[in-house]
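In the working numbering, the protein residues as written are 15 to 397. Here a beta-carbon is modelled for each residue, glycine too, at the ideal position from N, C-alpha and C. The block underneath contains the structure these notes are about, expressed in structure tokens.
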Ligand code: SF4
């Protein structure tokens with residue numbers, strides 16, 4: 015089982031952000047941690063499985079004080095079987111990192127940090143509305159290494175308005191100069207109603223051309239590979255043995271429990287001759303509803319029952335994100351039916367169109383298939 019904890023606090027809203035995040039006082043943070051632990055207590059019977067990975071994301075979890083973080087993590091450790099948790103990650107925003115915070119991570123067994131670096135150039139960081147510059151990223155990496163939290167990810171964004179290919183190359187070089195074990199490189203998707211989206215609509219900003227963005231993506235794949243960071247998923251690159259186990263858990267349909275505002279959980283409820291039955295539950299996005307759910311038992315959450323047909327499609331959708339794809343034996347083990355008998359015609363068509371391949375004992379997307387992933391999935395959806 016995996017655990018995800020959402021911390022919805024940020025010092026300032028980034029221009030492109032559509033996540034659930036907002037500024038808060040220390041009192042609100044304390045209240046929220048109390049509610050998280052209460053939710054954890056209510057939901058500890060979710061599964062008896064040991065927790066293999068945990069992830070504190072946000073928002074900006076590094077805005078918690080060391081004491082707040084200690085209260086949260088010690089509380090989780092008391093409630094869930096976490097002795098086998100080998101990967102415990104936290105997201106952090108450069109510019110909010112302090113030595114006591116990193117010392118707390120080290121004491122609490124949080125062994126992986128994901129820093130939101132995003133870009134190297136100050137003018138691009140400003141366009142994104144980030145609160146830090148590259149020197150803050152560098153300093154945050156140094157502090158983490160000094161206190162032995164040395165498994166690091168850097169998040170980067172390409173396709174930013176005004177970003178050139180040489181800007182992107184400079185960003186990749188700057189990130190590589192810090193020797194992270196993992197890099198996530200995401201193409202910017204301007205979400206509706208964000209300040210960045212509004213500026214694009216008003217013509218104040220312009221996105222790079224799609225060919226330029228594609229060139230940036232190809233450059234990332236080539237350059238990171240040259241430095242030993244292999245692409246293992248559409249947006250993720252790692253040194254061998256440093257792939258993010260938590261995310262791989264999502265893509266391979268491990269059960270997970272999500273705590274906090276807007277967090278989702280996925281539980282397998284039955285596995286029989288018809289296949290795999292799951293329930294996905296999502297917490298509310300509003301704080302008052304979340305608190306009423308936790309303390310008064312009010313039903314402010316959504317629950318979706320996922321049928322065997324839908325879980326089979328999700329297996330394809332999630333596993334095709336990864337370069338390793340899906341092994342027929344794994345599909346059979348999950349669903350009790352062969353991938354060929356479910357999708358024979360579509361698989362043949364995908365191979366014929368050069369979008370998928372069967373290689374090394376697994377079905378995966380070709381490079382062309384990765385670019386056209388959505389169209390590939392539509393074919394499977396209609397099968
Ligand atoms: S730090 Fe992350 S979550 Fe917070 S506002 Fe920026 S993009 Fe959103």
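Open item on the list: Under 8 Å: does the beta carbon of residue 167 sit that close to some heavy atom of ligand 1?
Closed with: For ligand 1, not one heavy atom lies less than 8 Å from the Cβ of residue 167.
Task: Contact test: residue 74 Cβ vs ligand 1 heavy atom, cutoff 8 Å - done: At least one heavy atom of ligand 1 sits closer than 8 Å to the Cβ of residue 74.
Task: Rounded straight-line distance, which links the Cα of residue 324 to that of residue 375 - done: When rounded, the distance between both Cα atoms is 24 Å.
- [ ] Note the first and the last residue of the continuous alpha helix (DSSP H) segment covering residue 395.
- [x] Residues 387-396.
Open item on the list: Given the structure, does residue 31 come close to ligand 3, in the sense that its CB is under 8 Å from one of the ligand's heavy atoms?
Closed with: The model on display carries ligand 1 but not ligand 3.
Open item on the list: Can you tell me whether residue 128 is buried or exposed? The criterion is at least 16 other CB atoms within 10 Å of its CB, across all chains shown.
Closed with: Answer is buried; the Cβ neighbour count reaches 16.
TODO: Quick one: using the 10 Å Cβ neighbour count with 16 as the cut-off for buried, is residue 113 buried or exposed?
DONE: Label assigned to residue 113: exposed.
Open item on the list: Excluding the 5 residues flanking residue 342 on each side, which residues of the same chain have their C-beta closer than 6 Å to its C-beta?
Closed with: Excluding residues within five positions, the ones whose Cβ falls inside 6 Å are 353.
Open item on the list: Which residues does DSSP list as the beta-bridge partners of residue 171?
Closed with: For residue 171, which the question treats as bridged, DSSP gives the partners 200.
TODO: Please list, in chain order, all residues of the same chain as residue 142 whose beta carbon is under 8 Å from its beta carbon, the five residues on each side excluded.
DONE: Setting aside the 5 residues that flank it on each side, residue 142 is surrounded in the same chain by 28, 29, 30, 132, 133, 171, 174, 210, each with a C-beta closer than 8 Å to its C-beta; the list follows chain order.
Task: Element boundaries [alpha helix (DSSP H), containing residue 116] - done: In the DSSP assignment, residue 116 falls within the unbroken alpha helix (DSSP H) covering 113-122.
Open item on the list: Comparing C-alpha positions only, which one of 90, 315, 22 sits nearest to residue 76?
Closed with: When the alpha-carbon of residue 76 is set against those of 90, 315, 22, the nearest one is in 22.
Task: residue 161 - DSSP class collapsed to helix/strand/coil - done: Coil, per DSSP.
TODO: Check each candidate in 152, 260, 192, 230 and name the one with the smallest Cα separation from residue 201.
DONE: Sorting 152, 260, 192, 230 by C-alpha distance to the C-alpha of residue 201 places 230 at the top.
TODO: Using the Cα positions of residue 365 and residue 371, report the straight-line distance between them to the nearest angstrom.
DONE: Using only the alpha carbons, I get a separation of about 6 Å.
Open item on the list: Please tell me whether, using a cut-off of 8 Å, the distance from the CB of residue 143 to the nearest non-hydrogen atom of ligand 1 is below it.
Closed with: Flag set: Cβ of residue 143 near ligand 1.
- [ ] Note down the Cα distance separating residue 307 from residue 315, rounded to an integer number of angstroms.
- [x] Near 8 Å, if we compare the C-alpha coordinates of residue 315 and residue 307.
Open item on the list: Rounding to the nearest angstrom, what Cα-Cα distance links residue 301 and residue 241 in this structure?
Closed with: For residue 301 and residue 241, the gap between their C-alpha atoms comes out near 43 Å.
- [ ] In the DSSP assignment, find the beta strand (DSSP E) that holds residue 105 and state where it starts and stops.
- [x] Here the beta strand (DSSP E) through residue 105 covers 101-106.
Open item on the list: Within a Cβ cutoff of 7 Å, which residues of the same chain sit near residue 148, ignoring the five residues on either side of it in sequence?
Closed with: Once the five neighbours on either side are set aside, the close Cβ partners of residue 148 are 134, 188.
Open item on the list: Would you call the stretch 113-122 in contact with the stretch 84-93, where contact means no fewer than 3 C-beta pairs closer than 8 Å?
Closed with: As far as the Cβ criterion goes, the stretch 113-122 touches the stretch 84-93, which means the pair count is three or higher.
Open item on the list: Using the Cβ count rule (16 or more neighbours within 10 Å means buried), how would you classify residue 336?
Closed with: By the 16-neighbour rule on beta-carbons within 10 angstroms, residue 336 is buried.
Task: Within 9 Å, strictly: CB atoms of residue 333 and residue 326 - done: With a cutoff of 9 Å on beta-carbon distance, residue 333 and residue 326 are scored as not near each other.
TODO: Determine the direct distance from the alpha carbon of residue 215 to that of residue 61, and round the result to whole angstroms.
DONE: A direct Cα-to-Cα measurement between residue 61 and residue 215 gives close to 46 Å.
Task: Buried/exposed call for residue 63, threshold 16 Cβ in 10 Å - done: It is exposed - the Cβ of residue 63 has fewer than 16 other Cβ atoms within 10 Å.
Open item on the list: ligand 1 and residue 438: does the residue's C-beta get closer than 8 Å to at least one heavy atom of that ligand?
Closed with: Nothing in the structure corresponds to residue 438, since the chain is present only between 15 and 397.
Task: Among 51, 155, 24, nearest to residue 145 - alpha-carbon criterion - done: Nearest C-alpha to residue 145: 24.
TODO: Compare the C-alpha of residue 108 against each of 65, 158, 69, 97 and name the closest.
DONE: If we check each option's Cα against that of residue 108, 158 comes out closest.
Task: Contained alpha helix (DSSP H) runs [length at least 4] in the stretch 290-347, N- to C-terminal order - done: Within the stretch 290-347, the complete alpha helix (DSSP H) runs of at least 4 residues are 301-310, 322-333.
Open item on the list: Any heavy atom of ligand 1 inside 8 Å of the beta-carbon of residue 212?
Closed with: No, the Cβ of residue 212 stays beyond 8 Å of every heavy atom of ligand 1.
Open item on the list: Determine whether the beta carbon atoms of residue 258 and residue 101 lie at a separation below 9 Å.
Closed with: Yes; because the gap between Cβ atoms is below 9 Å, this pair is in contact.
Task: Where residue 135 falls: helix, strand or coil (DSSP) - done: In this structure, residue 135 counts as coil in the three-state DSSP scheme.
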